[in-house]
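Protein sequence lines, in the order shown, are assigned to chains A and B.
Per my numbering, the very first residue in the first sequence carries number 52; after that it's consecutive.
Per my numbering, the very first residue in the second sequence carries number 21; after that it's consecutive.
Beta carbons are placed, not taken as given, at the ideal position from N, Cα and C, and that holds for glycine.
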Amino acid sequence: MTAERVAMIRERLTEALQPEDLDIQDDSAKHAGHEGAKGGGGHFNVRIVSPAFAGRNLLERHRMVYDALGDAMHSDIHALSIQAKTPEEL
Amino acid sequence: MDVLDKIKQAVDSHPVVIFMKGTPEMPMCGFSSRASQALQACGEEFAYVNVLSDPEVMENLPRFANWPTFPQIYINGELIGGCDITLEMYQNGELEKMVKEAVAAKAGQGDSAAQ
Numbered sequence: 052m053t054a055e056r057v058a059m060i061r062e063r064l065t066e067a068l069q070p071e072d073l074d075i076q077d078d079s080a081k082h083a084g085h086e087g088a089k090g091g092g093g094h095f096n097v098r099i100v101s102p103a104f105a106g107r108n109l110l111e112r113h114r115m116v117y118d119a120l121g122d123a124m125h126s127d128i129h130a131l132s133i134q135a136k137t138p139e140e141l
Numbered sequence: 021m022d023v024l025d026k027i028k029q030a031v032d033s034h035p036v037v038i039f040m041k042g043t044p045e046m047p048m049c050g051f052s053s054r055a056s057q058a059l060q061a062c063g064e065e066f067a068y069v070n071v072l073s074d075p076e077v078m079e080n081l082p083r084f085a086n087w088p089t090f091p092q093i094y095i096n097g098e099l100i101g102g103c104d105i106t107l108e109m110y111q112n113g114e115l116e117k118m119v120k121e122a123v124a125a126k127a128g129q130g131d132s133a134a135q
């Protein structure tokens with residue numbers, strides 16, 4: 052389940068944003084049992100480096116990530132922590 | 021009142037408002053907790069809406085601003101982001117500046133309206 056979700060996130064972000072670096076951590080186990088986890092969606096941390104973020108502010112970058120993930124934001128993903136950088140910002 | 025109007029009213033009537041799970045005193049989610057702590061650290065009063073106590077707001081807030089997760093923080097009627105962005109802006113000093121300016125501007129409006 053976990054591996055499938057991470058693979059799905061990776062596939063969607065890779066296709067939409069062509070990242071130069073992409074790291075996805077599944078933190079779901081840390082949150083198991085808490086109030087917000089009842090819906091069954093996972094907690095994930097995404098660190099993504101893509102030239103597509105150039106000239107975009109933080110709000111726009113996060114929206115690009117959410118848009119790329121699409122309907123998964125309403126089902127498989129309960130919480131998502133995002134670090135979105137351009138290659139120049141590293 | 022339509023739920024989107026209700027959300028808009030909450031956003032427009034407070035210079036700083038956070039839609040969160042739980043309350044600043046008793047947050048029910050780590051992300052909501054960290055974001056509200058960052059706001060508290062800015063030293064100004066802010067409004068909050070506990071989305072857990074209002075399922076209709078919780079269900080409709082994501083489409084209000086095209087933002088799928090909680091918490092959501094609004095300053096001067098505009099979404100600034102969720103937990104990650106709020107913390108990043110707190111750490112680089114932007115959040116405190118924005119919060120103080122928004123609160124001061126709102127107070128100024130109140131004075132002129134009273135005169």
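Self-check item: Three-state secondary structure (DSSP) of Q135(B)
Solution: Reading the second sequence from its first residue, position 115 is the one you call residue 135(B). With a pLDDT of only 40 at Q135(B), under 50, the local geometry of the prediction cannot be trusted, and the value read off the model is given with reservation. If DSSP states are grouped into helix, strand and coil, Q135(B) belongs with coil.
Quiz item: According to the Cβ coordinates, are A27(A) and A123(A) closer than 7 Å?
Solution: The requested residue 27(A) is not part of the displayed model; chain A covers only 52 to 141.
Quiz item: For G113(B), does the three-state DSSP call read helix, strand or coil?
Solution: Counting from one through the second sequence, the residue named residue 113(B) turns up at place 93. Judged by DSSP in its simplified three-state form, G113(B) adopts coil rather than helix or strand.
Quiz item: In terms of residue numbering, what span does the alpha helix (DSSP H) encompassing H113(A) cover?
Solution: Residue mapping note: residue 113(A) aligns to position 62 of the first sequence, counting from 1. Start and end: 109 to 120.
Quiz item: Using 8 Å as the threshold, is the region 63 to 70 of chain B in touch with the region 21 to 40 of chain B, meaning 3 or more CB pairs across them?
Solution: Touching, yes.
Quiz item: If the cut is a Cβ gap below 8 Å, which residues of chain A does N86(B) touch?
Solution: In the second sequence, counting from the first residue as 1, residue 86(B) sits at position 66. Within 8 Å Cβ-Cβ: R114.
Practice problem: Compare the C-beta of I105(B) against all C-beta atoms of chain A and say whether one is closer than 7 Å. | Solution: Counting from one through the second sequence, the residue named residue 105(B) turns up at place 85. Chain A, which has a Cβ nearer than 7 Å to the Cβ of I105(B), makes this yes.
Practice problem: Flag this pair as yes or no: are the beta carbons of P35(B) and V123(B) separated by less than 7 Å? | Solution: The residue you call residue 35(B) lines up with position 15 of the second sequence. The residue you call residue 123(B) lines up with position 103 of the second sequence. Result yes, Cβ atoms of P35(B) and V123(B) sit closer than 7 Å.
Quiz prompt | Own chain residues within Cβ distance below 8 Å of A133(B), not counting five before or after | solution = Sequence index remark: in the second sequence, residue 133(B) carries index 113 (1-based). Below a pLDDT of 50, predicted positions are generally treated as unreliable, and A133(B), at 47, falls in that range; the measurement from the model is reported next regardless. Excluding residues within five positions, none has a Cβ falling inside 8 Å.
Exercise. Report all residues from its chain with a CB closer than 6 Å to the CB of K126(B); omit the five preceding and five following residues, and keep chain order.
Key: For the purposes of this step, residue 126(B) is identified with residue 106 of the second sequence, where counting begins at 1. Short of 6 Å from the beta carbon of K126(B), and not among the five residues preceding or following it, lie these beta carbons of its own chain, in chain order: P35.
Quiz item: Nearest to P91(B) by alpha carbon, out of P44(B), L99(B), C103(B)?
Solution: As a working note, residue 91(B) is residue 71 in the second sequence. Here the closest residue by C-alpha is C103(B).
Quiz item: Are the CB atoms of V31(B) and Y110(B) nearer to each other than 7 Å?
Solution: Position 11 of the second sequence, counting from 1, holds the residue named residue 31(B). Position 90 of the second sequence, counting from 1, holds the residue named residue 110(B). Contact flag unset, no.
Self-check item: Three-pair Cβ contact test at 8 Å for the region 81 to 88 of chain B versus the region 102 to 121 of chain A
Solution: Yes, since at least three Cβ pairs between the region 81 to 88 of chain B and the region 102 to 121 of chain A fall closer than 8 Å, the two stretches touch.
Exercise. Scan the region 105 to 131 of chain B for residues whose Cβ lies nearer than 9 Å to a Cβ of chain A and list them as they occur along the chain.
Key: Contact annotation: in the region 105 to 131 of chain B, residues whose CB is within less than 9 Å of a CB in chain A are I105, E108, M109.
Practice problem: Could you pull out every residue in the same chain whose Cβ sits closer than 7 Å to the Cβ of Q135(B), ignoring the five residues on either side in sequence? | Solution: In the second sequence, residue 135(B) corresponds to position 115, counting from 1. At Q135(B) the pLDDT is 40, less than 50, meaning the model places this residue with poor confidence and gives no usable figure here.
Self-check item: Per DSSP, the bridge partner or partners of R98(A)
Solution: Numbered from 1 along the first sequence, position 47 holds the residue referred to as residue 98(A). Answer by DSSP bridge pairing, in chain order: D74(A), Q134(A).
Quiz item: Is L131(A) closer than 7 Å to F104(A) when the C-beta atoms are compared?
Solution: As a first step, residue 104(A) is located in the first sequence; it is residue number 53 there, counting from the start. As a first step, residue 131(A) is located in the first sequence; it is residue number 80 there, counting from the start. Between F104(A) and L131(A), the C-beta gap is not smaller than 7 Å, which leaves the two residues out of contact.
Quiz item: Which residues in the same chain have their Cβ closer than 6 Å to the Cβ of T53(A), if we skip the five residues on either side of it in sequence?
Solution: Here residue 53(A) is taken as the residue at index 2 of the first sequence, counted from 1. Cβ neighbours of T53(A) beyond the five flanking positions: D77.
Self-check item: Limits of the unbroken alpha helix (DSSP H) element including F39(B)
Solution: Translated into the one-based positions of the second sequence, residue 39(B) becomes position 19. The continuous stretches of alpha helix (DSSP H) do not include F39(B), which lies in the beta strand (DSSP E) extending over residues 36 to 40.
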